[in-house]
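**Student:**
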Amino acid sequence: NAGVTQTPKFRVLKTGQSMTLLCAQDMNHEYMYWYRQDPGMGLRLIHYSVGEGTTAKGEVPDGYNVSRLKKQNFLLGLESAAPSQTSVYFCASSRDGISTDTQYFGPGTRLTVL
Amino acid sequence: AQSVTQLDSHVSVSEGTPVLLRCNYSSSYSPSLFWYVQHPNKGLQLLLKYTSAATLVKGINGFEAEFKKSETSFHLTKPSAHMSDAAEYFCVVRSNSGGSNYKLTFGKGTLLTVNP
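If you're matching them up, the sequences are chains A and B in order.
Be aware that the first sequence starts at 1, since it is given in the numbering used here, and climbs by one per residue.
Be aware that the second sequence starts at 1, since it is given in the numbering used here, and climbs by one per residue.
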């Protein structure tokens, strides 16, 4: 059982380039999330999805777009990368949105924007 | 509104001695509380969670945490540290409100160092 997987693991971009991060989960979870982790900041929610075909903004959505065309996949896009987007990105999924539900995290993608 | 404060950014212990990682929270509604662990260059793994059942919660690898409503605290403890416990630990709160109860709020993390 793979759980939550992320592709790629590492990426280096130049300012202005675009890229897409892929998250996949095999647990049939309805909810999926994208977070970024910066030193001393904990994790902050970028966007989330409550089901196939839905997306919504989190607390730091600017500069990112997302899509959830299939239930098992959640894509995070950067249209024009900026150095401020250098971070570690984590995807997570959960069965539903109730408060007691556990979010399961992927291994992360380390992105550097030069 | 909800927030989490991890009172120590770095804790250093000797192997075999007790571990205490402190967490205070605030929440407008009765919260669910979680502790996650992150080993170097790895994703986050759930250690334990409090969901309004027993106030003393036991997790994996010998960790436990006690929910104290009067003190708004959810401190993580372990009787005897092991070298493999060296990692970063995150306290997380989630409100049991009707609207946005999916939303996790993370503390800034506590780095645990275990000395031989």
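Using N, Cα and C, we set each Cβ at its ideal position, and we do this for glycine too.
Have a look at G16(A), M32(A), N28(A), L13(A) and flag the residue whose alpha-carbon is nearest the alpha-carbon of L22(A).
**Tutor:** The shortest C-alpha separation from L22(A) is found at M32(A).
**Student:** Roughly how many whole angstroms lie between the Cα atoms of N28(A) and V114(B)?
**Tutor:** Between N28(A) and V114(B), the C-alpha separation is close to 38 Å.
**Student:** Classify V12(A) as buried or exposed, calling it buried when 16 or more other Cβ atoms lie within 10 Å of its own Cβ.
**Tutor:** Classification for V12(A): exposed.
**Student:** For the candidate residues T109(A), D96(A), T112(A), Y89(A), whose alpha-carbon lies nearest to that of H47(A)?
**Tutor:** Of the candidates T109(A), D96(A), T112(A), Y89(A), the one whose C-alpha sits nearest the C-alpha of H47(A) is Y89(A).
**Student:** Taking its Cβ as the centre, do 16 or more other Cβ atoms sit within 10 Å of P31(B), making it buried, or is it exposed?
**Tutor:** Under this definition P31(B) is a buried residue.
**Student:** DSSP three-state label for S95(B), please.
**Tutor:** Here S95(B) sits in strand by DSSP.
**Student:** So, using beta-carbon positions, are S73(B) and C23(B) closer together than 9 Å?
**Tutor:** Going by C-beta atoms, S73(B) is nearer than 9 Å to C23(B).
**Student:** Among V4(B), L104(B), T5(B), H10(B), which residue has its Cα nearest to the Cα of G58(A)?
**Tutor:** Among V4(B), L104(B), T5(B), H10(B), the Cα nearest to that of G58(A) is on L104(B).
**Student:** Name the chain B residues whose beta carbon is nearer than 9 Å to that of P107(A)?
**Tutor:** The contacting residues are N41, K42, G43.
**Student:** For the putative contact between P83(A) and T15(A), defined by C-beta atoms under 8 Å, what is the C-beta separation to the nearest angstrom?
**Tutor:** Contact flag correct, Cβ pair sits at about 6 Å.
**Student:** Identify, in the order they occur along the chain, each residue of the same chain with its Cβ nearer than 6 Å to the Cβ of F10(A), setting aside the five sequence neighbours on each side.
**Tutor:** Once the five neighbours on either side are set aside, the close Cβ partners of F10(A) are R110.
**Student:** Quick check: the Cα distance between Q85(A) and T112(A), rounded to an integer number of angstroms?
**Tutor:** Approximately 8 Å between the Cα atoms of the pair.
**Student:** Select from P39(A), D38(A), F105(A), A81(A) the residue whose C-alpha is nearest the C-alpha of Q17(A).
**Tutor:** Nearest of P39(A), D38(A), F105(A), A81(A) to Q17(A), Cα basis: A81(A).
**Student:** Does chain A have any CB closer than 9 Å to the CB of V57(B)?
**Tutor:** False, the Cβ-Cβ gap to chain A never drops below 9 Å.
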